[in-house]
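Asks: Under mature numbering (1 follows the signal peptide of the UniProt record, and there is no 0), residues -31 to -1, 1 to 220 are what the sequence shown spells out, in order.
This is the structure, below, for whatever I ask next.
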Amino acid sequence: MPSARWAESRIAALASFRLAALSLPTMSAIAANLAEINRRIETARKAALKPAPATHLIAVSKTHPAEAVREALLAGHRLFGESKVQEAQGKFPALKAEYPDLELHMIGGLQTNKAKEAVALFDAIHSLDRIKLAHALKAECDKQGKNPALFVQVNIGEEAQKSGVAPKQTLALVEESRSLGLNVQGLMCVPPVDQAPAPYFGLLKTLAEDAGLPLLSMGMSDDFDIAIRFGATHVRVGTAIFGARDYSQDQ
C-alpha cells in the first residue's frame, strides 16, 4: 500500500496543480466574440468577388459600460462606435487617455448643437445628413484644429422614421460638404429591417462610386457578411460582441 508520506506528497501535488489551473488566463466572452466576428469577416472577404482593400470592425458599445469596452481593449481591439455624444463622453475620455491608439466613431444621429462635443471626442462621424450640420462641423473643425473623417448618412430605404439624406440628394450633399473643406470620406446606411439588405448595400456602393468616395460604412450584427460582399470598409457590430443592449441605460 502507498505510504502516508507518498499520499501527503500526492495531495500536495494535486493542490498545487489545481491552484495553477485557477491562475491560467481565460478568454473572456467579449474576447471570444471578437475573435469569432473577425473570423467571419475574413471568411466573407475570401468569398467576396471584390472585397474592399480592408474591412474594419467597429465594436458598437452603446448602452454597455466602460468595463465591457475595457475587456475588448484588453483583447487587442481598438475601434469602437457610439451613437450618443453624452454617453460617449461618460466612457471614453479616460479610456482614450489610457489607450492613445483607441479610435472612436460616432455612428448615431447628430444634433447640430452637439457638433462641438462630437468634433472634440470622435475620430470619425458617420452621420452627416444635412448641410446645416456640415456648416456646424466645419466651424468646430476650424476652431479646434481637427479634421475627423466624415461619412454622409444615406436614408437608403427612404424610410420616414430614419435620418439620412435621400439617395438622389446624396451627391449634392457630398459636393457641398467638400466645398466647405470637410474631410468627407464615405457613405453610411442602415437598410430597412424587414427587407433583404443586398440591394441596398449595392445601391450605397454605386452612390459612393459616383461620388468618388472610398469608404462604405454598412453592415451590422445580422448582415455584415453580406455587406462585405458589396465592399464594406467598415462594419458596425454590437450585440454579437457585447451581448444584448440595456436600453434603460440609453438616455
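Idealized CB from N, CA, C, for every residue including glycine.
Provide the residue span of the beta strand (DSSP E) that contains Glu128, from first to last.
Replies: No beta strand (DSSP E) holds Glu128; DSSP gives it neither H nor E.
Asks: Please determine, among Cys158, Ile195, Met189 and Asp163, the residue with the shortest C-alpha to C-alpha distance to Ala177.
Replies: Cys158
Asks: Please confirm whether Gly45 and Ile27 have their CB atoms less than 8 Å apart.
Replies: no
Asks: Per DSSP, which residues does Arg205 bridge with? Please list them.
Replies: Ile27
Asks: Just curious, the beta strand (DSSP E) that Ile94 is in, first and last residue?
Replies: Counting along the chain, the beta strand (DSSP E) containing Ile94 begins and ends at Ala93 to Leu97.
Asks: Could you check the C-alpha separation between Pro20 and Glu11 for me, to the nearest Å?
Replies: Straight-line Cα distance between these residues: approximately 10 Å.
Asks: If you count every other CB in all the chains shown that lies within 10 Å of the CB of residue 228, and 16 or more means buried, which is it?
Replies: Residue 228 lies beyond the residue range present for the chain, which begins at -31 and ends at 220; the question has no answer from this structure.
Asks: Please state whether the Cβ-Cβ distance between Gly155 and Phe120 is less than 8 Å.
Replies: yes
Asks: Would you list the residues sitting across from Met187 in a DSSP beta bridge?
Replies: Met187 pairs with nothing; no bridge assigned.
Asks: In angstroms with no decimal places, state the Cα-to-Cα distance between Val38 and Ile(-2).
Replies: 9 Å
Asks: Run the CB neighbour count on Ser148, radius 10 Å, all protein chains shown included, and call it buried at 16 or more, exposed below.
Replies: exposed
Asks: Suppose contacts are defined by Cβ-Cβ distances below 8 Å. Is Arg9 in contact with Asp194 by that definition?
Replies: yes
Asks: From what residue to what residue does the beta strand (DSSP E) around Phe49 run?
Replies: From DSSP, the beta strand (DSSP E) with Phe49 extends over Leu48 to Glu51.
Asks: Taking the alpha carbon of Pro136 as the reference point, which residue from Ile125, Ala167 and Val29 has its own alpha carbon closest?
Replies: Ile125
Asks: When burial is assigned at 16 or more other CB atoms within 10 Å of the CB, is Pro160 buried or exposed?
Replies: buried
Asks: Going by CA-CA distance only, name the one from Ile197, Asp215 and Val204 that's closest to Arg14.
Replies: Ile197
Asks: So Gln122 packs on His95, CB below 8 Å; how close in whole Å?
Replies: Contact flag correct, Cβ pair sits at about 6 Å.
Asks: Starting from Gln113 and walking both ways along the alpha helix (DSSP H), at which residues does that stretch end?
Replies: Ile100 to Gln113
Asks: Measuring CA to CA, which of Gly188, Leu182, Ala4 and Lys107 is closest to Pro170?
Replies: Note on residue identity: the sequence assigns Phe, not Pro, to residue 170. Across the set Gly188, Leu182, Ala4 and Lys107, the C-alpha of Gly188 shows the shortest separation from the C-alpha of Phe170.
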